[in-house]
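For the sequence shown, the numbering used here begins at 9 and goes up steadily by one.
Just so you know, even glycine gets a beta-carbon here, dropped at the ideal spot from N, CA and C.
A quick note: this is a predicted structure, and the numbers were derived from the prediction, not measured.
Contents: one structure, followed by commentary.
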Amino acid sequence: MRLRFLFIPVLFFAAGTPAQTVIYTTAQQPIINPEPGILVQVLENVSELEQLLFPVLSQNPQQAEQQAHLRMQQPDWKTQEARLTRAYQSLLDAYTLGIKKLPAVVFDDRYVVYGTTDAELAQQKLDDWREQQR
(Lines of atoms letter the chains of each structure in order from A and count residues from 1; the text may use other names and numbers.)
(Lines give C-alpha, C1' and ligand atoms only; values in the text may rest on other atoms or scores of the structure.)
Protein backbone atom coordinates (compact mmCIF):
# COMPACT_ATOMS: atom_id res chain seq x y z
CA MET A 1 0.00 0.00 0.00
CA ARG A 2 2.82 2.36 0.82
CA LEU A 3 4.43 1.87 -2.61
CA ARG A 4 1.39 3.36 -4.28
CA PHE A 5 2.07 6.70 -2.63
CA LEU A 6 5.71 6.65 -3.65
CA PHE A 7 4.87 6.22 -7.34
CA ILE A 8 2.36 9.06 -7.56
CA PRO A 9 4.91 11.93 -7.33
CA VAL A 10 7.11 10.18 -9.88
CA LEU A 11 4.21 9.95 -12.32
CA PHE A 12 3.38 13.62 -11.91
CA PHE A 13 7.02 14.58 -12.33
CA ALA A 14 7.43 12.44 -15.46
CA ALA A 15 4.28 13.87 -17.03
CA GLY A 16 5.63 17.39 -16.62
CA THR A 17 8.97 16.63 -18.20
CA PRO A 18 9.27 17.97 -21.75
CA ALA A 19 10.12 15.43 -24.42
CA GLN A 20 13.50 15.59 -26.07
CA THR A 21 14.78 15.80 -29.62
CA VAL A 22 17.07 12.90 -30.47
CA ILE A 23 19.16 12.38 -33.60
CA TYR A 24 19.93 8.76 -34.48
CA THR A 25 22.84 8.35 -36.86
CA THR A 26 26.02 6.41 -37.59
CA ALA A 27 29.66 7.46 -37.70
CA GLN A 28 29.40 7.57 -41.50
CA GLN A 29 26.61 10.17 -41.34
CA PRO A 30 27.92 13.18 -39.42
CA ILE A 31 25.72 15.61 -37.52
CA ILE A 32 25.02 18.91 -39.30
CA ASN A 33 24.38 21.97 -37.12
CA PRO A 34 24.37 20.26 -33.72
CA GLU A 35 22.35 22.31 -31.25
CA PRO A 36 22.59 22.42 -27.47
CA GLY A 37 19.97 20.29 -25.76
CA ILE A 38 19.67 17.77 -28.59
CA LEU A 39 20.70 14.23 -27.77
CA VAL A 40 22.79 12.50 -30.43
CA GLN A 41 22.74 8.70 -30.54
CA VAL A 42 25.49 7.31 -32.77
CA LEU A 43 24.52 3.70 -33.40
CA GLU A 44 27.49 1.36 -33.45
CA ASN A 45 27.85 -2.21 -34.58
CA VAL A 46 27.82 -3.99 -31.22
CA SER A 47 29.21 -7.19 -32.74
CA GLU A 48 32.32 -5.28 -33.82
CA LEU A 49 32.64 -3.70 -30.38
CA GLU A 50 32.39 -7.10 -28.74
CA GLN A 51 35.09 -8.42 -31.07
CA LEU A 52 37.32 -5.49 -30.12
CA LEU A 53 36.79 -6.20 -26.43
CA PHE A 54 37.22 -9.97 -26.70
CA PRO A 55 39.08 -10.64 -29.97
CA VAL A 56 39.95 -14.30 -29.47
CA LEU A 57 38.38 -16.37 -26.75
CA SER A 58 39.17 -20.01 -26.28
CA GLN A 59 36.68 -22.67 -27.30
CA ASN A 60 37.21 -24.15 -23.85
CA PRO A 61 34.59 -22.51 -21.55
CA GLN A 62 36.89 -22.41 -18.50
CA GLN A 63 39.74 -20.82 -20.46
CA ALA A 64 37.36 -18.37 -22.12
CA GLU A 65 36.06 -17.35 -18.70
CA GLN A 66 39.61 -16.77 -17.46
CA GLN A 67 40.44 -14.73 -20.58
CA ALA A 68 37.31 -12.63 -20.07
CA HIS A 69 38.17 -12.01 -16.42
CA LEU A 70 41.69 -10.94 -17.40
CA ARG A 71 40.28 -8.57 -20.02
CA MET A 72 37.92 -7.03 -17.47
CA GLN A 73 40.91 -6.20 -15.25
CA GLN A 74 42.64 -4.13 -17.95
CA PRO A 75 42.92 -0.35 -17.29
CA ASP A 76 40.63 0.57 -20.20
CA TRP A 77 37.89 -1.92 -19.28
CA LYS A 78 35.51 0.55 -17.58
CA THR A 79 35.69 2.89 -20.57
CA GLN A 80 35.11 0.10 -23.07
CA GLU A 81 32.33 -1.43 -20.99
CA ALA A 82 30.58 1.95 -20.83
CA ARG A 83 30.91 2.32 -24.61
CA LEU A 84 29.39 -1.11 -25.20
CA THR A 85 26.58 -0.38 -22.74
CA ARG A 86 25.81 2.92 -24.52
CA ALA A 87 25.84 1.14 -27.87
CA TYR A 88 23.32 -1.45 -26.70
CA GLN A 89 21.15 1.23 -25.05
CA SER A 90 21.13 3.32 -28.23
CA LEU A 91 20.09 0.30 -30.28
CA LEU A 92 17.37 -0.56 -27.79
CA ASP A 93 16.08 3.03 -27.83
CA ALA A 94 15.98 3.09 -31.63
CA TYR A 95 14.24 -0.29 -31.76
CA THR A 96 11.69 0.73 -29.12
CA LEU A 97 10.84 3.87 -31.10
CA GLY A 98 10.47 1.84 -34.28
CA ILE A 99 13.28 3.58 -36.16
CA LYS A 100 13.34 1.97 -39.62
CA LYS A 101 16.41 3.61 -41.18
CA LEU A 102 19.15 6.10 -40.44
CA PRO A 103 19.65 8.95 -40.08
CA ALA A 104 16.51 9.88 -38.17
CA VAL A 105 15.48 12.81 -36.01
CA VAL A 106 12.89 11.99 -33.34
CA PHE A 107 10.70 14.65 -31.73
CA ASP A 108 8.75 14.05 -28.54
CA ASP A 109 9.36 10.27 -28.77
CA ARG A 110 6.57 10.35 -31.35
CA TYR A 111 7.47 12.02 -34.63
CA VAL A 112 10.31 10.75 -36.83
CA VAL A 113 11.90 12.57 -39.76
CA TYR A 114 14.16 10.35 -41.85
CA GLY A 115 17.01 11.26 -44.17
CA THR A 116 18.75 14.09 -42.32
CA THR A 117 20.86 14.77 -39.26
CA ASP A 118 20.03 18.49 -39.38
CA ALA A 119 17.59 19.09 -36.51
CA GLU A 120 16.48 22.47 -37.89
CA LEU A 121 15.66 20.99 -41.29
CA ALA A 122 13.86 18.07 -39.64
CA GLN A 123 11.84 20.47 -37.49
CA GLN A 124 10.85 22.42 -40.61
CA LYS A 125 9.76 19.21 -42.36
CA LEU A 126 7.73 18.22 -39.31
CA ASP A 127 6.11 21.66 -39.14
CA ASP A 128 5.27 21.49 -42.86
CA TRP A 129 3.71 18.06 -42.41
CA ARG A 130 1.66 19.23 -39.42
CA GLU A 131 0.43 22.20 -41.43
CA GLN A 132 -0.69 19.87 -44.24
CA GLN A 133 -2.63 17.75 -41.73
CA ARG A 134 -4.86 20.68 -40.71
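Quiz item: Which partner residues does L47 have in the DSSP bridge list?
Solution: Residue numbering aside, residue 47 sits at position 39 when the sequence shown is read from its first letter. In DSSP, L47 forms a bridge with V30.
Quiz item: If you follow the alpha helix (DSSP H) that A127 is part of, which residue opens it and which one closes it?
Solution: For this step, residue 127 is matched to residue 119 along the sequence shown. Judged by DSSP secondary structure, A127 falls within the alpha helix (DSSP H) whose first and last residues are A127 to Q141.
Quiz item: Taking Cβ positions, are T124 and V113 nearer each other than 8 angstroms?
Solution: The count along the sequence shown starts at 1 and reaches residue 124 at position 116. The count along the sequence shown starts at 1 and reaches residue 113 at position 105. The answer is yes: Cβ separation under 8 angstroms.
Quiz prompt | Validate contact between the stretch 44 to 62 and the stretch 95 to 103 using beta carbons, cut 8 angstroms, 3 pairs | solution = Below 8 angstroms, enough C-beta pairs join the stretch 44 to 62 and the stretch 95 to 103 to call them touching: three or more.
Exercise. Whole angstroms is fine: what's the gap from L60's alpha carbon to Q36's?
Key: Taking the sequence shown and counting its residues from 1, the one referred to as residue 60 is at position 52. Taking the sequence shown and counting its residues from 1, the one referred to as residue 36 is at position 28. The alpha-carbon separation between L60 and Q36 amounts to approximately 19 angstroms.
Quiz prompt | With 16 other Cβ atoms within 10 Å as the buried cut-off, status of Q141 | solution = Taking the first residue of the sequence shown as 1, we reach residue 141 at position 133. Exposed: under 16 other Cβ atoms inside 10 Å.
Quiz item: Which residue comes first and which comes last in the alpha helix (DSSP H) that contains V64?
Solution: Position 56 of the sequence shown, counted from the start, is the residue given in the question as residue 64. Per DSSP, V64 belongs to no alpha helix (DSSP H) and is neither H nor E.
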